[in-house]
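K.L.:
Chains as they are written, first to last, in the working numbering: chain A, 390 to 779; chain B, 390 to 779; chain C, 10 to 131; chain D, 10 to 131.
Glycine included, C-beta positions come from ideal geometry on N, C-alpha and C.
Quick caveat, the model's predicted, so the values are computed rather than measured.
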Amino acid sequence: MKRIYMDNNATTAVRPAVLEAMLPFYQEQFGNPSSIHWAGQAVSGAVDTARAQVAALMNCQPEEIIFTSCGSEGNALAIKGSAEFLRAKGNHIITTAVEHPAVLDSCKYLEKQGFEVTVLAVDGEGMIDLAELEAAICERTVLISAMWGNNETGTLFPVAEIGAIARKHKVRFHTDAVQAVGRVPVDVRAAGVDLLTISGHKFGAPKGVGALYVRKGMGLTQLFHGGHQERNRRAGTHNVPGIVGLGVACELAVADLAVQEGRIRALRDRLEQGILSRIPEVQVNGHRQQRLPNTLNISFAYIEGEAILLFLDMKGVAASSGSACMSDSFGQSHVIGAMGVDAMMANSNIRFGLGLDNTEEDVDFVLEILPEIIQKLRDMSPFYSERAAS
Amino acid sequence: MKRIYMDNNATTAVRPAVLEAMLPFYQEQFGNPSSIHWAGQAVSGAVDTARAQVAALMNCQPEEIIFTSCGSEGNALAIKGSAEFLRAKGNHIITTAVEHPAVLDSCKYLEKQGFEVTVLAVDGEGMIDLAELEAAICERTVLISAMWGNNETGTLFPVAEIGAIARKHKVRFHTDAVQAVGRVPVDVRAAGVDLLTISGHKFGAPKGVGALYVRKGMGLTQLFHGGHQERNRRAGTHNVPGIVGLGVACELAVADLAVQEGRIRALRDRLEQGILSRIPEVQVNGHRQQRLPNTLNISFAYIEGEAILLFLDMKGVAASSGSACMSDSFGQSHVIGAMGVDAMMANSNIRFGLGLDNTEEDVDFVLEILPEIIQKLRDMSPFYSERAAS
Amino acid sequence: MYSDKVIDHFTNPRNVGVIVDADGVGEKVSSSCGDRMKVFLKVVDGVIEDLKFQTYGCGAAIASSSMMSELVIGKTLDEALALTNDAVAEALDGLPDPKLHCSNLAADALHDAIKNYQGEGA
Amino acid sequence: MYSDKVIDHFTNPRNVGVIVDADGVGEKVSSSCGDRMKVFLKVVDGVIEDLKFQTYGCGAAIASSSMMSELVIGKTLDEALALTNDAVAEALDGLPDPKLHCSNLAADALHDAIKNYQGEGA
Ligand SMILES: Cc1ncc(COP(=O)(O)O)c(C=O)c1O
Ligand SMILES: Cc1ncc(COP(=O)(O)O)c(C=O)c1O
Numbered sequence: 390m391k392r393i394y395m396d397n398n399a400t401t402a403v404r405p406a407v408l409e410a411m412l413p414f415y416q417e418q419f420g421n422p423s424s425i426h427w428a429g430q431a432v433s434g435a436v437d438t439a440r441a442q443v444a445a446l447m448n449c450q451p452e453e454i455i456f457t458s459c460g461s462e463g464n465a466l467a468i469k470g471s472a473e474f475l476r477a478k479g480n481h482i483i484t485t486a487v488e489h490p491a492v493l494d495s496c497k498y499l500e501k502q503g504f505e506v507t508v509l510a511v512d513g514e515g516m517i518d519l520a521e522l523e524a525a526i527c528e529r530t531v532l533i534s535a536m537w538g539n540n541e542t543g544t545l546f547p548v549a550e551i552g553a554i555a556r557k558h559k560v561r562f563h564t565d566a567v568q569a570v571g572r573v574p575v576d577v578r579a580a581g582v583d584l585l586t587i588s589g590h591k592f593g594a595p596k597g598v599g600a601l602y603v604r605k606g607m608g609l610t611q612l613f614h615g616g617h618q619e620r621n622r623r624a625g626t627h628n629v630p631g632i633v634g635l636g637v638a639c640e641l642a643v644a645d646l647a648v649q650e651g652r653i654r655a656l657r658d659r660l661e662q663g664i665l666s667r668i669p670e671v672q673v674n675g676h677r678q679q680r681l682p683n684t685l686n687i688s689f690a691y692i693e694g695e696a697i698l699l700f701l702d703m704k705g706v707a708a709s710s711g712s713a714c715m716s717d718s719f720g721q722s723h724v725i726g727a728m729g730v731d732a733m734m735a736n737s738n739i740r741f742g743l744g745l746d747n748t749e750e751d752v753d754f755v756l757e758i759l760p761e762i763i764q765k766l767r768d769m770s771p772f773y774s775e776r777a778a779s
Numbered sequence: 390m391k392r393i394y395m396d397n398n399a400t401t402a403v404r405p406a407v408l409e410a411m412l413p414f415y416q417e418q419f420g421n422p423s424s425i426h427w428a429g430q431a432v433s434g435a436v437d438t439a440r441a442q443v444a445a446l447m448n449c450q451p452e453e454i455i456f457t458s459c460g461s462e463g464n465a466l467a468i469k470g471s472a473e474f475l476r477a478k479g480n481h482i483i484t485t486a487v488e489h490p491a492v493l494d495s496c497k498y499l500e501k502q503g504f505e506v507t508v509l510a511v512d513g514e515g516m517i518d519l520a521e522l523e524a525a526i527c528e529r530t531v532l533i534s535a536m537w538g539n540n541e542t543g544t545l546f547p548v549a550e551i552g553a554i555a556r557k558h559k560v561r562f563h564t565d566a567v568q569a570v571g572r573v574p575v576d577v578r579a580a581g582v583d584l585l586t587i588s589g590h591k592f593g594a595p596k597g598v599g600a601l602y603v604r605k606g607m608g609l610t611q612l613f614h615g616g617h618q619e620r621n622r623r624a625g626t627h628n629v630p631g632i633v634g635l636g637v638a639c640e641l642a643v644a645d646l647a648v649q650e651g652r653i654r655a656l657r658d659r660l661e662q663g664i665l666s667r668i669p670e671v672q673v674n675g676h677r678q679q680r681l682p683n684t685l686n687i688s689f690a691y692i693e694g695e696a697i698l699l700f701l702d703m704k705g706v707a708a709s710s711g712s713a714c715m716s717d718s719f720g721q722s723h724v725i726g727a728m729g730v731d732a733m734m735a736n737s738n739i740r741f742g743l744g745l746d747n748t749e750e751d752v753d754f755v756l757e758i759l760p761e762i763i764q765k766l767r768d769m770s771p772f773y774s775e776r777a778a779s
Numbered sequence: 010m011y012s013d014k015v016i017d018h019f020t021n022p023r024n025v026g027v028i029v030d031a032d033g034v035g036e037k038v039s040s041s042c043g044d045r046m047k048v049f050l051k052v053v054d055g056v057i058e059d060l061k062f063q064t065y066g067c068g069a070a071i072a073s074s075s076m077m078s079e080l081v082i083g084k085t086l087d088e089a090l091a092l093t094n095d096a097v098a099e100a101l102d103g104l105p106d107p108k109l110h111c112s113n114l115a116a117d118a119l120h121d122a123i124k125n126y127q128g129e130g131a
Numbered sequence: 010m011y012s013d014k015v016i017d018h019f020t021n022p023r024n025v026g027v028i029v030d031a032d033g034v035g036e037k038v039s040s041s042c043g044d045r046m047k048v049f050l051k052v053v054d055g056v057i058e059d060l061k062f063q064t065y066g067c068g069a070a071i072a073s074s075s076m077m078s079e080l081v082i083g084k085t086l087d088e089a090l091a092l093t094n095d096a097v098a099e100a101l102d103g104l105p106d107p108k109l110h111c112s113n114l115a116a117d118a119l120h121d122a123i124k125n126y127q128g129e130g131a
């Protein structure tokens, strides 16, 4: 059976050039970059190179990059680290209803610590209202955390406008760009961002490595203490192979943005149009224009999402319902819920996340098998027969 | 030039069988273990296997293992996570003067949050006094953090006795076993430990992965929030290749304890005896009996440590002065300082950390070149000529 | 994640459909996940001669419905009333922990249908 | 970490030793790291004819001492007094940031020795 992977928002395969660059750092150049001897010095240059590559991707200085272990760490460090550091200045944080749980739950943690959190609502396309954002800012506001691209729907927030509002009110601005980086241009200077999270495994680097951009002058309270690594902002022996891989993936991502905008967007649109024309009573979730080029979130009336996924899986097609993190927890997606999608449509949403390896044949295969799957499940559903009867 | 690596307490090369086990998880089995489709399910079993391997090494249940990104994370999660979780019960923590900075600085952070920290002194061999430990426990004590094996001197704390005291007074006990695991038997049940930190790169697994043992029933406040991974105790997509590598390294470590106790201890003793017999005015730092089998920390009067390291490095020998993390910061080791070693001897301490790849020839080569290096530096030192003159 | 039996019953669910002139009709909606199951019974001499179901839900819910139908067709109403949700899950060689509640629908909807039949017949 | 020049001067330091009948002797101890340097001068007609040093310290401290000796032997006392710590570090093609303070010993100990010579000669 041919296997078609369309879950690139959950994670991606490591790219060949990335893995190749990593391999020498497991057994030959295995030193600790903090060591002064040959074994350490051989690798500290590699960490520097990777730092420059990551910085180049997002248009910042290498010293503004902190290497982390994942997107969740980056978000926790940015949000908790900023809040604690700025505590004397204020205790109010603004975020949005559709953030990744790593952001929302970091904010919930801070609520227990005495912070007040404003969670901005979104409209039916998952978009926030900038006027509402600006109105929420008060004297005590120390941080705005609003994501670049949504992991479930792909909706892109107007980051530059948010940055301008934050700057105007002198409030720190963090953005979770875990889904955006490598898919759309991410320029921290142009967007006026103070902190930005990325995670390697979402764009061809390995799992276990990420980075946080921290604009010069932005103090942070640490999460990990001790070692002097990362200019005393993140202790722990460097994950050298992972960091090297992240650097190469960033370099490739810069070069590949055109592919995302071109070939991958075309595939996604072909899939979207194909489903809309073949299957009745479906609904695309997310913003029509401002959307990650690789992402399609779509709901099928009368049936439930996991059942669709299982049938796709049996045909070799990997997709997801909402975020991968949700897949073994109950309940509907908080993102789809916040968009006001009705419960049954929310329960049937499927996310296709296209990637570099996907072809037109892959899309056409999905278009071939999906109508049958949907019909089979609808034929089992009491809602469908009731609707047909009415 | 032959390269001899004797800095295995700083980091180790990834073992061949470990790397081999990891490789399929970058490009073929690259799924997110939280995903329900083929790509996810293929790897979730691998994470389960690794969890069982790590648990077997330390004699605990698989569910008691939390995968982390490094030792520093494990220590921060154990200490800050326990302290915050137990805050209502008390605000007193006991630790020791010779802990790794990841532990000491986590405690310092908590001091700023209103915790009170008792730092136990050590004697000239780096050993704590158990009576002093017990006397320090009060009603408000919620945590004891005392390491298993010291990273600079190799001194082994009497963990089982500390565990018994902790249990008697119903105080939670965390131990940093980053240096101990793989070198001496580590059994959490026998030692009565509640939390235990390990870091993969210290025993043949890759950098970027570690684990924290958390005894069933021990609640922790999270460091990373959001994802449901690790039973809601540590969010973030699993570092699958790293975790797989950690599992294999744990399995190998169980099998290799005899080698550590036998061949590696013999090499270390040969090196120690050889230096003591060839070079006058040297001093071994650390406990004579209770010491990691691979570690030799030794001071050379009248000269400074980094200069010795550089000369060793030029001959291809990688060793370290104190912990790798110290190497580009000033000042003397807090560990050697806490042992009351005088300033000049403290400044010249060198750590040899032997590993699986070292041979008798390696040791003999070091014994051949070291006397010359020491003499050359002593000949440059004003202290040495003054002493000779007096 | 799912046992082979779950996959089999999910892929080829037995007894899907409606019985237009059913002797009893039952229904159960999960409060936790919104899954919904309808059961239609044909009863002859206190024995379940036929059973059809409709299910809106995940793989576990559909497989549980199908397995339940196999377990009770041909059984007496008393035997059917004794069927527990756990027994359905067990017959499927178990379900993943977070999915266990999905098997609750099946026995509950069945019992609801039997009550509906008995209520009408009483 | 270190430039080739640092490594060269560290490995083969020039002018290590003492001058028993020195015209001037100077010393400097670093308060931050305990490094210590002693400088011995031979001065003829206001020119440093010979210089020897002893250093207790790291690679950067030793290399700085050696480089300093090369820079000032044959120079007038005024020229030597004008030598800065930065100039020593620069002549070594730079030092890593955390090691910059180690080069401070060299010029300071030299200036101390010149002052000692001038104090005695005055
Ligand atoms: C005793 C001890 N604890 C903690 C650490 C920190 O481990 P890592 O560098 O993996 O964060 C180290 C390593 O330097 C160590 O030796
Ligand atoms: C938008 C977003 N933020 C954060 C994360 C968390 O990243 P990681 O799994 O690397 O911790 C994810 C991935 O699931 C994501 O999609």
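Can you list the residues near ligand 1, meaning Cβ strictly closer than 5 Å to any non-hydrogen atom, in the order they appear in the chain?
P.N.:
A:Gly625, A:Thr626, B:Cys459, B:Gly460, B:Ser461, B:His489, B:Ala491, B:Asn540, B:Asp565, B:Val567, B:Gln568, B:Ser588
K.L.:
Enumerate in chain order the residues of its own chain whose CB-to-CB distance from A:Leu698 is below 8 Å, with the five nearest sequence positions on each side excluded.
P.N.:
Taking the first residue of the first sequence as position 1, residue 698 of chain A is located at position 309. Contacts found: Ala708, Ser709, Ser710, Ile739.
K.L.:
List the residues of chain C that A:Glu736 touches, going by C-beta distances under 7 Å, in chain order.
P.N.:
Taking the first residue of the first sequence as 1, we reach residue 736 of chain A at position 347. Looking at the sequence itself, residue 736 of chain A is Asn, so the reference to Glu does not match. Chain C residues near A:Asn736: Gly43.
K.L.:
Alpha carbon to alpha carbon, what distance is there between D:Ile82 and D:Val195?
P.N.:
Given a span of 10 to 131 for chain D in the structure shown, any question on residue 195 of chain D remains unanswerable.
K.L.:
I need the straight-line Cα distance from A:Arg776 to A:Glu670, nearest angstrom please.
P.N.:
Counting from one through the first sequence, the residue named residue 776 of chain A turns up at place 387. Counting from one through the first sequence, the residue named residue 670 of chain A turns up at place 281. Their backbone Cα atoms lie some 12 Å apart in a straight line.
K.L.:
Would you mind giving the Cβ-Cβ distance between B:Ala600 and B:Ile468, rounded to the nearest angstrom? I have them listed as a contact below 8 Å.
P.N.:
Along the second sequence, read from residue 1 onward, the residue named residue 600 of chain B stands at position 211. Along the second sequence, read from residue 1 onward, the residue named residue 468 of chain B stands at position 79. About 16 Å; that fails the 8 Å criterion.
K.L.:
Need the endpoints of the alpha helix (DSSP H) that A:Glu409 sits in, please.
P.N.:
Residue 409 of chain A sits at position 20 when you count from the first residue of the first sequence. For A:Glu409, the enclosing alpha helix (DSSP H) covers residues 405 to 411.
K.L.:
Using C-beta distances below 6 Å, list every residue in its chain close to B:His631, excluding the 5 sequence neighbours before and after it, in chain order.
P.N.:
One-based indexing of the second sequence puts residue 631 of chain B at position 242. It should be noted that the sequence gives Gly, not His, for residue 631 of chain B. Closer than 6 Å at Cβ, skipping near neighbours: Pro595, Gly597, Val598.
K.L.:
Which bits of chain D does B:Pro771 rub up against, with CB to CB less than 7 Å?
P.N.:
Against the second sequence, residue 771 of chain B aligns to sequence position 382. Simply Arg45, Lys47, Gln63, Tyr65.
K.L.:
Based on Cα-Cα distance, which residue from B:Asn397, B:Glu417, B:Ile393, B:Asp437 lies nearest to A:Val403?
P.N.:
The sequence position of residue 403 of chain A within the first sequence is 14, counting from 1. Of the candidates B:Asn397, B:Glu417, B:Ile393, B:Asp437, the residue whose Cα lies closest to the Cα of A:Val403 is B:Glu417.
K.L.:
Taking 7 Å as the CB-CB limit, is C:Val25 close to chain A?
P.N.:
As a working mapping, residue 25 of chain C is identified with position 16 in the third sequence. It does; some Cβ of chain A falls within 7 Å.
K.L.:
Using a cut-off of 7 Å between C-beta atoms, extract the partners of B:Glu695 located in chain D.
P.N.:
As a first step, residue 695 of chain B must be located in the second sequence, where it is residue number 306. Going along chain D in sequence order, the residues near B:Glu695 (Cβ under 7 Å) are Cys67, Gly68.
K.L.:
Are the C-beta of B:Leu699 and some C-beta of chain D separated by less than 7 Å?
P.N.:
Taking the first residue of the second sequence as 1, we reach residue 699 of chain B at position 310. So, interface residue.
K.L.:
Could you check where the beta strand (DSSP E) with B:Asn736 kicks off and where it finishes?
P.N.:
The residue you call residue 736 of chain B lines up with position 347 of the second sequence. No beta strand (DSSP E) contains B:Asn736, which is instead part of the alpha helix (DSSP H) from 732 to 736.
K.L.:
According to DSSP, is B:Ser458 helix, strand or coil?
P.N.:
The residue given as residue 458 of chain B occupies position 69 in the second sequence. Coil, per DSSP.
K.L.:
Starting from A:Gly597, find everything on chain B with Cβ-Cβ shorter than 7 Å and list it in chain order.
P.N.:
Within the first sequence, numbered from 1, the residue matching residue 597 of chain A stands at position 208. By Cβ distance, chain B contributes Ser458, Gly597, Val598, Asn628, Gly631.
K.L.:
Among the candidates B:Gly608, B:Ala439, B:Ala486, whose CA atom is the shortest distance from the CA of B:Ser471?
P.N.:
What you label residue 471 of chain B is simply residue 82 of the second sequence in a count that begins at 1. If we check each option's Cα against that of B:Ser471, B:Gly608 comes out closest.
K.L.:
Scan the region 680 to 693 of chain B for residues whose Cβ lies nearer than 8 Å to a Cβ of chain D and list them as they occur along the chain.
P.N.:
Tyr691, Ile692, Glu693
K.L.:
Output yes or no for whether 7 Å exceeds the beta carbon distance between B:Arg657 and B:Asn683.
P.N.:
The residue you call residue 657 of chain B lines up with position 268 of the second sequence. The residue you call residue 683 of chain B lines up with position 294 of the second sequence. For B:Arg657 and B:Asn683, yes; Cβs fall inside 7 Å.
K.L.:
Give me the chain B residues within the contact set of D:Ile71, using Cβ-Cβ distance strictly less than 7 Å, ordered along the chain.
P.N.:
To locate residue 71 of chain D, count along the fourth sequence from 1; it is residue 62. The answer, in chain order, is Ala696, Met769.
K.L.:
Looking only at its own chain, which residues have a Cβ that is under 6 Å from the Cβ of C:Lys124, when we skip the five neighbours before and after it?
P.N.:
Residue mapping note: residue 124 of chain C aligns to position 115 of the third sequence, counting from 1. If we look at C:Lys124 and ignore the five residues flanking it on each side, it has no Cβ neighbours.
K.L.:
In the DSSP output, which residue or residues are listed as bridge partners for C:Val25?
P.N.:
Sequence index remark: in the third sequence, residue 25 of chain C carries index 16 (1-based). C:Val25 is bridged to C:Phe62.
K.L.:
Span of the beta strand (DSSP E) holding A:Val508?
P.N.:
Translated into the one-based positions of the first sequence, residue 508 of chain A becomes position 119. Unbroken beta strand (DSSP E) run through A:Val508: 505 to 509.
K.L.:
Just to confirm, is the Cβ distance from C:Gly33 to C:Leu50 under 7 Å?
P.N.:
Counting from 1 along the third sequence, the entry for residue 33 of chain C is found at position 24. Counting from 1 along the third sequence, the entry for residue 50 of chain C is found at position 41. Cβ atoms of C:Gly33 and C:Leu50: closer than 7 Å.
K.L.:
Under 8 Å by Cβ, that's how I've got B:Thr586 and B:Gly460 pegged, so tell me the actual separation to the nearest angstrom.
P.N.:
Taking the first residue of the second sequence as position 1, residue 586 of chain B is located at position 197. Taking the first residue of the second sequence as position 1, residue 460 of chain B is located at position 71. Yes, they are in contact, since the Cβ atoms of B:Thr586 and B:Gly460 sit about 6 Å apart, within 8 Å.
K.L.:
Which chain B residues sit within Cβ distance under 9 Å of D:Thr20?
P.N.:
If you number the fourth sequence from 1, residue 20 of chain D lands on position 11. Here the neighbours are Leu699, Phe700, Met703.
K.L.:
Give the C-beta separation of B:Glu528 and B:Leu509 to the nearest angstrom, bearing in mind that I take them to be a contact with Cβ-Cβ under 8 Å.
P.N.:
The sequence position of residue 528 of chain B within the second sequence is 139, counting from 1. The sequence position of residue 509 of chain B within the second sequence is 120, counting from 1. In fact, because the Cβ distance is near 18 Å, the residues do not count as touching under 8 Å.
K.L.:
Quick one: which chain D residues come within Cβ less than 8 Å of B:Ala732?
P.N.:
The residue given as residue 732 of chain B occupies position 343 in the second sequence. Against chain D, a Cβ distance below 8 Å from B:Ala732 picks out Gly43.
K.L.:
With DSSP as the reference, label B:Glu541 as helix, strand or coil.
P.N.:
Residue numbering aside, residue 541 of chain B sits at position 152 when the second sequence is read from its first letter. B:Glu541: coil per DSSP, three-state reduction.
K.L.:
In chain order, what residues of the same chain have a beta carbon less than 6 Å from the beta carbon of A:Val633, not counting five sequence neighbours either side?
P.N.:
For the purposes of this step, residue 633 of chain A is taken as the residue at position 244 of the first sequence. Only Ala410, Met411, Phe414, Ala435, Ala439 meet the Cβ criterion.
K.L.:
In terms of residues, what are the limits of the beta strand (DSSP E) holding C:Lys51?
P.N.:
Position 42 of the third sequence, counted from the first residue, corresponds to residue 51 of chain C. Run containing C:Lys51: 45 to 53, per the beta strand (DSSP E) assignment.
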